[in-house]
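Step one of this worksheet: look at the structure below.
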Amino acid sequence: MSYLDISTWEQTFQELMEQEKPWAKWSLKLNGTILPGHTAPGWKQYQQTAFGSDTMDMTSGRC
Numbered sequence: 001m002s003y004l005d006i007s008t009w010e011q012t013f014q015e016l017m018e019q020e021k022p023w024a025k026w027s028l029k030l031n032g033t034i035l036p037g038h039t040a041p042g043w044k045q046y047q048q049t050a051f052g053s054d055t056m057d058m059t060s061g062r063c
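Using my numbering, you'd call the opening residue of the sequence shown number 1 and step up by one each time.
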């Protein structure tokens with residue numbers, strides 16, 4: 001698994017928040033003590049995955 005640098009997270013976060021609350025100012029701060037796959041006492045880790053498919057109508061050539 002590869003991890004993105006903080007600037008990539010910051011850009012994605014800003015773009016999403018701009019859609020939701022364009023008047024608000026937000027910032028992200030990197031917490032160097034957080035390690036992938038290790039949760040602090042009292043915290044839970046969730047992993048989300050999604051699957052999708054695309055079908056094509058062969059009679060019209062449209063998706």
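The beta carbon of each residue, even a glycine, is placed where N, CA and C say it ideally should be. It should be emphasised that the depicted structure is a prediction, and the values quoted were computed from it without experimental measurement.
Given residue i as reference, the closest of the options once Cα atoms are compared
i     : options                       : result
Lys29 : Phe13, Trp23 and Ala40        : Phe13
Thr8  : Ser27, Lys21, Gln19 and Trp43 : Ser27
Segment limits, alpha helix (DSSP H) that includes residue i
i     : result
Gln14 : Ile6 to Glu20
Chain-order list of residues whose beta-carbon lies under 6 angstroms from that of residue i (same chain, five-residue window excluded)
i     : result
Ala50 : none
Leu16 : none
For residue i, the three-state DSSP class (helix, strand or coil)
i     : result
Ala50 : coil
Beta bridge counterpart(s) of residue i as assigned by DSSP
i     : result
Leu35 : His38
Beta-carbon proximity list for residue i, same chain, < 8 angstroms, skipping 5 on both sides
i     : result
Ala24 : Met17
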